[in-house]
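Undergrad:
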Amino acid sequence: MGTTKAVTDANFVSDVLQSDKPVLVDFWAEWCAPCRKVSPLLEEIANEMGDKVTIVKLNIDENPETARAYRVMSVPTLTVFKGGQPVQSVAGARPKGDLVKLIESAL
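Structure follows, in structure tokens:
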């Protein structure tokens, strides 16, 4: 159904804030081991729930402006945006079931 997509400081507004459906943003970094554990789970969720939610990844080292704007202090931070606003957020690697619940709470 879908896969995760990379977003940047340049396209964050159009791809996340102006999206017609909820967007889960994975704020991550290359050096982050827990981020690598969460990534395949997000791909699975994107395939299973891609019709209801968009899942994107923002590399905080390459896109510091957006990470600063949303006060991302640790990675991974997973934030659900709906209607251009952050509505749910968790920090740290979580099991797939917890991630699905996080998304479903914003649908």
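Per our numbering, the very first residue in the sequence shown carries number 480; after that it's consecutive. C-beta: ideal position from N, C-alpha, C; glycine also.
Straight-line CA distance for residue 499 to residue 572?
TA: For the purposes of this step, residue 499 is taken as residue 20 along the sequence shown, with counting starting at 1. For the purposes of this step, residue 572 is taken as residue 93 along the sequence shown, with counting starting at 1. Taking the straight line joining both Cα atoms gives about 27 Å.
Undergrad: Given that a residue counts as buried once 16 or more other Cβ atoms are within 10 Å of its Cβ, and exposed if not, what is residue 528?
TA: In the sequence shown, the residue the question calls residue 528 occupies position 49. It counts as buried.
Undergrad: How would you call residue 566, buried or exposed, if buried means at least 16 neighbouring beta carbons within 10 angstroms?
TA: On the sequence shown, residue 566 is found 87 positions in, with the first residue counted as 1. Result: exposed.
Undergrad: Please name the residue or residues paired with residue 558 in a DSSP beta bridge.
TA: Position 79 of the sequence shown holds residue 558. Looking at the DSSP assignment, residue 558 forms a beta bridge with 504, 568.
Undergrad: Is the beta carbon of residue 559 sitting closer than 8 Å to the one on residue 501?
TA: Translated into the one-based positions of the sequence shown, residue 559 becomes position 80. Translated into the one-based positions of the sequence shown, residue 501 becomes position 22. In this structure, residue 501 lies closer than 8 Å to residue 559 by Cβ.
Undergrad: Please check the pair residue 555 and residue 513, which I expect to be a contact at CB under 8 Å, by giving their CB distance rounded to whole angstroms.
TA: Start at 1 with the first residue of the sequence shown, and residue 555 comes out as number 76. Start at 1 with the first residue of the sequence shown, and residue 513 comes out as number 34. Rounded, the Cβ-Cβ distance is 6 Å, consistent with contact.
Undergrad: Along the chain, where does the beta strand (DSSP E) that runs through residue 533 open and close?
TA: Along the sequence shown, one-based indexing puts residue 533 at 54. Its beta strand (DSSP E) spans residues 533 to 538.
Undergrad: In whole angstroms, what is the alpha-carbon distance linking residue 553 and residue 570?
TA: What you label residue 553 is simply residue 74 of the sequence shown in a count that begins at 1. What you label residue 570 is simply residue 91 of the sequence shown in a count that begins at 1. Distance between the alpha carbons of residue 553 and residue 570: 7 Å.
Undergrad: Might you give, ordered along the chain, the residues of its own chain that have their beta carbon closer than 6 Å to the beta carbon of residue 568, omitting 5 neighbours on each side?
TA: Here residue 568 refers to the residue found at position 89 when the sequence shown is read from its first residue. Closer than 6 Å at the Cβ level, and outside the excluded window around residue 568, lie 558.
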